[in-house]
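S.K.:
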Amino acid sequence: MELGGRTPTRRQLLSAIAAVGGTAALYQAMTSLGHAAETQFTGPPNLAGARKGASVIVLGAGLAGLLAAHELTKAGYKVQILEYQDRAGGRNWSLRGGDTYTELGGATQKVGYAPGNYFNPGPWRIPHHHKTLLHYCKAFGVALEPFIQFNHNTWIHSSESFGGKPVRFKAAAADFEGNVAELLAKSVNQKALDDQVTPEDRERLLEALKGWGMLDKDYRYASNLRSASHRGYDRPPGGGVNGAPIPSALYGLHDVLDPQVWSSMAFFMGHEMQTTMFQPVGGMDMIGKAFARQVEGQITYNAKVSKIAQDDKGVAVTYTDTVTGKVVTAQADWCVCTIPLSVLGQIDTQVTDEMMAAIKAVPYSGQVKIGLEMKRRFWEEEDSIFGGHSFTDQEIALISYPNNNLFGDGPAVLLGAFAREMGAYRLAGLTPQQRIEVALQQGSVLHPASYRKEFSNGASVAWSRVPWSLGCCARWTEQSRKEHYQTLVGMDRRIVLAGEHASYVGCWMEGALLSSIDAITRLHKRALEA
Amino acid sequence: MTIRFPIALAAAALAITAPAVAQTPPGGDTGGGIVRIAKPVTGKEVYEAVCQACHMADAKGGVGAGTIPALASNPRLAGAAYPISAIVLGKGGMPGLTGSLDDTQIAEVVTYIRTNFGNAYAKPVTAAEVARIPHPTRGGGH
Numbered sequence: 302m303e304l305g306g307r308t309p310t311r312r313q314l315l316s317a318i319a320a321v322g323g324t325a326a327l328y329q330a331m332t333s334l335g336h337a338a339e340t341q342f343t344g345p346p347n348l349a350g351a352r353k354g355a356s357v358i359v360l361g362a363g364l365a366g367l368l369a370a371h372e373l374t375k376a377g378y379k380v381q382i383l384e385y386q387d388r389a390g391g392r393n394w395s396l397r398g399g400d401t402y403t404e405l406g407g408a409t410q411k412v413g414y415a416p417g418n419y420f421n422p423g424p425w426r427i428p429h430h431h432k433t434l435l436h437y438c439k440a441f442g443v444a445l446e447p448f449i450q451f452n453h454n455t456w457i458h459s460s461e462s463f464g465g466k467p468v469r470f471k472a473a474a475a476d477f478e479g480n481v482a483e484l485l486a487k488s489v490n491q492k493a494l495d496d497q498v499t500p501e502d503r504e505r506l507l508e509a510l511k512g513w514g515m516l517d518k519d520y521r522y523a524s525n526l527r528s529a530s531h532r533g534y535d536r537p538p539g540g541g542v543n544g545a546p547i548p549s550a551l552y553g554l555h556d557v558l559d560p561q562v563w564s565s566m567a568f569f570m571g572h573e574m575q576t577t578m579f580q581p582v583g584g585m586d587m588i589g590k591a592f593a594r595q596v597e598g599q600i601t602y603n604a605k606v607s608k609i610a611q612d613d614k615g616v617a618v619t620y621t622d623t624v625t626g627k628v629v630t631a632q633a634d635w636c637v638c639t640i641p642l643s644v645l646g647q648i649d650t651q652v653t654d655e656m657m658a659a660i661k662a663v664p665y666s667g668q669v670k671i672g673l674e675m676k677r678r679f680w681e682e683e684d685s686i687f688g689g690h691s692f693t694d695q696e697i698a699l700i701s702y703p704n705n706n707l708f709g710d711g712p713a714v715l716l717g718a719f720a721r722e723m724g725a726y727r728l729a730g731l732t733p734q735q736r737i738e739v740a741l742q743q744g745s746v747l748h749p750a751s752y753r754k755e756f757s758n759g760a761s762v763a764w765s766r767v768p769w770s771l772g773c774c775a776r777w778t779e780q781s782r783k784e785h786y787q788t789l790v791g792m793d794r795r796i797v798l799a800g801e802h803a804s805y806v807g808c809w810m811e812g813a814l815l816s817s818i819d820a821i822t823r824l825h826k827r828a829l830e831a
Numbered sequence: 004m005t006i007r008f009p010i011a012l013a014a015a016a017l018a019i020t021a022p023a024v025a026q027t028p029p030g031g032d033t034g035g036g037i038v039r040i041a042k043p044v045t046g047k048e049v050y051e052a053v054c055q056a057c058h059m060a061d062a063k064g065g066v067g068a069g070t071i072p073a074l075a076s077n078p079r080l081a082g083a084a085y086p087i088s089a090i091v092l093g094k095g096g097m098p099g100l101t102g103s104l105d106d107t108q109i110a111e112v113v114t115y116i117r118t119n120f121g122n123a124y125a126k127p128v129t130a131a132e133v134a135r136i137p138h139p140t141r142g143g144g145h
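Going down the list, the sequences are from chains Y and R. For the first sequence, position 295 matches number 596 in my numbering, and the numbering has no gaps at all. For the second sequence, position 106 matches number 109 in my numbering, and the numbering has no gaps at all.
1) Report the neighbours of LYS353 of chain Y on chain R: residues whose CB is nearer than 7 Å to its CB, in chain order.
2) Grouping DSSP H, G and I as helix and E and B as strand, with all else coil, what is THR433 of chain Y?
3) Rounding to the nearest angstrom, what Cα-Cα distance links THR5 of chain R and SER549 of chain Y in this structure?
4) Report the rounded CA-to-CA distance for LYS605 of chain Y versus GLN381 of chain Y, giving the unit in angstroms.
5) Output yes or no for whether 8 Å exceeds the beta carbon distance between GLU446 of chain Y and VAL562 of chain Y.
6) Who are the Cβ neighbours of ALA16 of chain R in its own chain at under 8 Å, not counting the five residues just before and after it?
7) Let's test the definition: count the other Cβ atoms within 10 Å of the Cβ of GLU501 of chain Y and tell me whether it reaches 16, buried, or not, exposed.
8) According to DSSP, is ARG426 of chain Y part of a helix, a strand, or is it coil?
9) What are the start and end residues of the beta strand (DSSP E) that includes GLU573 of chain Y?
10) Taking the alpha helix (DSSP H) that GLY95 of chain R falls in, what are its first and last residues?
11) Taking beta-carbon pairs under 9 Å, can you tell me which members of the segment 64-98 of chain R lie near chain Y?
12) Please list, in chain order, all residues of the same chain as ASP556 of chain Y whose beta carbon is under 7 Å from its beta carbon, the five residues on each side excluded.
13) For THR70 of chain R, count neighbouring Cβ atoms within 10 angstroms of its own Cβ and tell me buried if that reaches 16, exposed if not.
14) Are the beta-carbon atoms belonging to GLY102 of chain R and ASP694 of chain Y less than 8 Å from one another?
15) Give me whichever residues DSSP pairs with TYR402 of chain Y in a beta bridge.
16) Flag VAL112 of chain R as yes if its beta-carbon sits less than 8 Å from any beta-carbon of chain Y, otherwise no.
17) Applying a beta-carbon distance threshold of less than 9 Å, which residues of chain Y neighbour ALA52 of chain R?
18) Taking a Cβ distance cut-off of 8 Å, strictly less, list which residues of the segment 686-707 of chain Y are near chain R, in chain order.
19) So does the segment 649-662 of chain Y actually touch the segment 748-758 of chain Y, counting three or more Cβ pairs closer than 8 Å?
20) Rounded to whole angstroms, what is the Cα-Cα separation between ASP634 of chain Y and SER76 of chain R?
21) Does any residue of chain Y have a CB that is nearer than 8 Å to the CB of ILE37 of chain R?
22) Would you list the residues sitting across from MET59 of chain R in a DSSP beta bridge?
23) Step through the CB atoms of chain Y and report whether any lies within less than 8 Å of the CB of VAL133 of chain R.
24) Give the straight-line distance between the Cα atoms of ALA21 of chain R and ARG39 of chain R, rounded to the nearest whole angstrom.
25) Return the residues of the segment 640-653 of chain Y that lie within a Cβ-Cβ distance of less than 9 Å from chain R, sorted by chain order.
26) Is there at least one Cβ from chain Y nearer than 8 Å to THR33 of chain R's Cβ?
27) Going by C-alpha distance, which of Y:GLY406, Y:PHE568, Y:TYR726 is nearest ASN670 of chain Y?
28) Is the CB-CB distance between TYR50 of chain R and ILE116 of chain R below 8 Å?
29) Mind pulling the chain R residues with CB within less than 7 Å of LEU405 of chain Y?
30) Taking Cβ positions only, does TRP769 of chain Y come closer than 8 Å to chain R?
31) Straight-line CA distance for ASP535 of chain Y to ASN525 of chain Y?
32) Rounding to the nearest angstrom, what Cα-Cα distance links VAL412 of chain Y and LEU642 of chain Y in this structure?
33) Here's the rule I'm using: 16 or more other beta-carbon atoms within 10 Å means buried, otherwise exposed. How should TRP769 of chain Y be labelled?
34) Using a Cβ-Cβ cutoff of less than 6 Å, which residues in the same chain neighbour SER460 of chain Y once the five nearest sequence positions on both sides are dropped?
35) Of the residues that make up the segment 744-765 of chain Y, which ones have a beta carbon closer than 7 Å to any beta carbon in chain R?
36) Near THR788 of chain Y, what residues of its chain come up, given a Cβ to Cβ distance below 7 Å and the 5 sequence neighbours on each side ignored?
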């Protein structure tokens, strides 16, 4: 007991390090103790002791703005949030039956999904190492469930290989690995690698290739029960008289080397794409709504900001109430601006020329997502696909299957497109009805029997036409980071920017939150020094 | 049918050209795998496949929290350098498009917007004019 009382627990030790050295030191310490190498999050900011009467105006009620408002209010600031939309959450957004959405250009969609169904136009999956977001989800009571990211049984489709027919991910991936293993084993056995690999490691490598690539005793990848145990059977193992399995035929090497195969495999190795992933129960906007509840009564909606001015004494933000047309100027000591750069660059903002150059230096991506409601879960019933993604080289890029209510009866919404780059430009340029038609045409290639037959209704969001963001995510390059990033995240007198664009975790909610915490921590410090 | 017909036609028109393979750029929440896109050739095809995503089919742009400028009846298109530079370098939230379009495609589409949508600047733009503006190295990621 006594000894235990004197020896600090790991948590006490880390708290002490944080108190003395700050969060950077804590991060270093945690990393060297074998913790937390996956995140820069060291816990919520512990801001307190704001000067009496000090005030902050937060621009934008997305996750970065909502978190800033919540933490600064806790620290003692008087906080007002201005939001262009009539809802909070920003890109954290779900569409449900009865919702209407009007995109730039005026096309309006009325969503017709059945009760309980939804479509997440923006963020839709949360990596297990996005600990800031996971922390606040738990703190704010947002229930999470698994997001089925990796499914071996989905389809891979290439218009140029496998006769243009979809093939199972597991079969294509097994054949890719098997062929690579066989070829590498051949090189080793033909002594082609003798100069590079020691005799001992050659033996180890051959053993690995045989075991990993499902090679036979002669180091060949062949149609047999070994390869079938990875790629699937013509007749799977069963019981009784016909219980014996029958292996399946392999795909040809040329088809297996189609970039659709290896790039789909490599996708799941990406740090942010690795399992386990999560989604909120009931739709992604459960997160935005929970964040908004923390700052209830502090948000002014329908506020279109036209001017952000500052002087030595404070900040003045001019906005138009888009419902009444009334022009208002709100004042505060400080400003946290989370307006997407694509919009902010068009606002009369009193910052340094360098800051304005940084704001205007970052273009936005324009992904297109389409949520299709199907009358039944034919992908589960006919294809044994439960969640996960089928990849195609068509414009829609993928079909992603719902992760919740598995085996359920009745209609379900799948993601019928997650188009990017040129595919996204083309789909965005179509009318909402045309987008649905393209999604049905291209999706039918993967599910020919049922896709069109079971279709009920759909909705699409083309991010390049989203009125309040004019794009999906900030796209930094190495060059623009070098020239502008530190300026962008620096405090410009009384204004500090926050959002995914002010982070190295771009396009993720985690980036918005980490940026927000960093911004308000510096703002608070500056406010106490002022 | 009224919807399917024009799309099928457009697809058929584009199908004769070699598709471009676009791989998922690193970073950001994006799809896996590769996408093969039929290459738009004429100015009209490029406009419909790319520009109208933001500037709209009628080139009138749109107004929300910010503005997508109209290309229709736009006197700033009188000189070709302005639209060429916007497409090559990007402008604010608009990305530069040299990673997606080659100089000939850019020349075709600049010629197209300068001679349509209420603009009448007849002189065709050449790929050489596009090449004269230094192209950025394209960075991946979002």
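Note that CB positions come from ideal geometry on N, CA and C, so glycine has one too.
M.R.: According to the structure data:
1) Residues of chain R passing the Cβ test: none, with the nearest at roughly 34 Å.
2) THR433 of chain Y: helix per DSSP, three-state reduction.
3) Any reading at THR5 of chain R must be qualified, since the residue scores a pLDDT of 37, below 50, and its modelled position is unreliable; the value itself is stated next. Taking the straight line joining both Cα atoms gives about 44 Å.
4) Spanning the alpha carbons of LYS605 of chain Y and GLN381 of chain Y requires a straight line of approximately 14 Å.
5) At a Cβ-Cβ threshold of 8 Å, GLU446 of chain Y and VAL562 of chain Y do not count as neighbours.
6) Low local confidence applies: a pLDDT of 40 at ALA16 of chain R is under 50, so the model's placement there is unreliable, with the coordinate-based value given in what follows. Answer for ALA16 of chain R: GLU48, listed in chain order.
7) Answer is exposed; the Cβ neighbour count stays below 16.
8) Shown here, ARG426 of chain Y sits in coil according to DSSP, grouped into three states, outside any helix or strand.
9) No beta strand (DSSP E) contains GLU573 of chain Y, which DSSP labels as neither H nor E.
10) Run containing GLY95 of chain R: none; DSSP gives neither H nor E here.
11) The segment 64-98 of chain R vs chain Y, Cβ under 9 Å: GLY64, GLY65, VAL66, GLY67, ALA68, GLY69, THR70, ILE71, GLY93, LYS94, GLY95, GLY96, MET97, PRO98.
12) If you ignore the 5 residues before and after ASP556 of chain Y, its C-beta comes within less than 7 Å of the C-beta of SER462, PHE463, all in its own chain and listed in chain order.
13) Classification of THR70 of chain R: exposed, given that the 10 Å Cβ count is below 16.
14) Taking the C-beta atoms as reference points, ASP694 of chain Y is found no nearer than 8 Å to GLY102 of chain R.
15) Bridge partners of TYR402 of chain Y: Y:GLN410.
16) Closer than 8 Å: no.
17) Simply MET723, TYR726, ARG727, GLY730.
18) Of all residues in the segment 686-707 of chain Y, those with a C-beta nearer than 8 Å to a C-beta of chain R are HIS690, PHE692, THR693, ASP694, GLN695, GLU696, ALA698, LEU699, reading in chain order.
19) Flag = no, the segment 649-662 of chain Y and the segment 748-758 of chain Y do not touch.
20) Cα-Cα distance, rounded: 43 Å.
21) True, the Cβ-Cβ gap to chain Y drops below 8 Å.
22) DSSP, once it has assigned bridges, lists no residue as partnering MET59 of chain R.
23) No, VAL133 of chain R does not count as interfacial toward chain Y.
24) Reliability fails at ALA21 of chain R, whose pLDDT of 47 lies under 50, so the model's placement of it is uncertain and the value that follows must be treated cautiously. Rounded to whole angstroms, ALA21 of chain R to ARG39 of chain R spans 9 Å at the Cα level.
25) Correct list: ILE640, PRO641, LEU642, SER643, VAL644, LEU645, GLY646, GLN647, ILE648.
26) Answer yes: the Cβ-Cβ gap between THR33 of chain R and chain Y drops below 8 Å somewhere.
27) With the sequence shown as reference, residue 670 of chain Y is identified as Lys, and Asn is not the correct amino acid for it. Across the set Y:GLY406, Y:PHE568, Y:TYR726, the C-alpha of Y:TYR726 shows the shortest separation from the C-alpha of LYS670 of chain Y.
28) Cβ distance < 8 Å, so TYR50 of chain R and ILE116 of chain R count as in contact.
29) Neighbours of LEU405 of chain Y on chain R, chain order: GLY65, GLY67, ILE71.
30) Chain R places a beta carbon closer than 8 Å to that of TRP769 of chain Y, counting this residue as a contact.
31) Spanning the two alpha carbons is a distance of roughly 11 Å.
32) Going by the C-alpha atoms only, they are around 29 Å apart.
33) Residue environment: TRP769 of chain Y is assigned as buried (16 or more neighbouring CB atoms within 10 Å of its CB, all protein chains considered).
34) ASP694, listed in sequence order.
35) Within the segment 744-765 of chain Y, the residues whose Cβ lies closer than 7 Å to some Cβ of chain R are ALA763, SER765, listed in chain order.
36) Closer than 7 Å at the Cβ level, and outside the excluded window around THR788 of chain Y, lie GLU655, MET656, ALA659.
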